[in-house]
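Asker: Under UniProt numbering, the sequence shown is numbered contiguously, ending at residue 126.
Ideal Cβ positions, reconstructed from N, Cα and C, are used throughout, including at glycine.
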Amino acid sequence: MRSKRNNKRWSRSQESFKREREKSAKLNAKLQKLELERVGLARVNSYRSKAPRVCSAAPDGSGKDDLDPEEMRLKYELLQEECLTLKTRLATLQKDKSADLLTFRRTLDQTRKIFKDAYRYNFHRV
C-alpha cells in the first residue's frame, strides 16, 4: 500500500519536474530571442555613435572634441547596454556549448559501445 502511494508521488513529481523543465526551456528560448532582438537594437542605436564625426578643435589647441554632456551620457548608456547584452549572450553561448559538449560525449560513448559490441560479436562469430 505504502509503495503504491510512493510510486504515485514519485510519478507526479517526475511529471511536475518534466513540466517545469519544459517551461524553463520555453523561457530560455524566449530569453535568447529577446537577447538577439536587443543586440540588434543596440547595433542599430549605436550606429550613430560609431559613425565618424568632424572633430572641432578646442580653443586651447588641445584638439579634444567638444562633446555635450548629455550626448556623452547617452553614448555611455548605450555602451553599457551593449556590454550587458554581449555578456549575457556570452554566458548563454557558454552554457549551450557545455550542453552540446555533454551531448557529443554521450553520443560518442554510445557509438564506441556499439562498435565494440559489434566487433566482439563478429570476432566470436569467426
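Would you kindly work out how many angstroms separate the C-alpha atoms of Glu70 and Asp100, rounded to a whole number?
Answerer: Distance between the alpha carbons of Glu70 and Asp100: 45 Å.
Asker: Is DSSP giving Leu27 helix, strand or coil here?
Answerer: Leu27 falls in the helix class under three-state DSSP.
Asker: Please state whether the Cβ-Cβ distance between Glu20 and Thr88 is less than 7 Å.
Answerer: Not closer than 7 Å, so no.
Asker: If we ignore side chains and look at the alpha-carbon of each, how far apart do Ala91 and Thr85 end up?
Answerer: Going from the Cα of Ala91 to the Cα of Thr85 covers about 10 Å.
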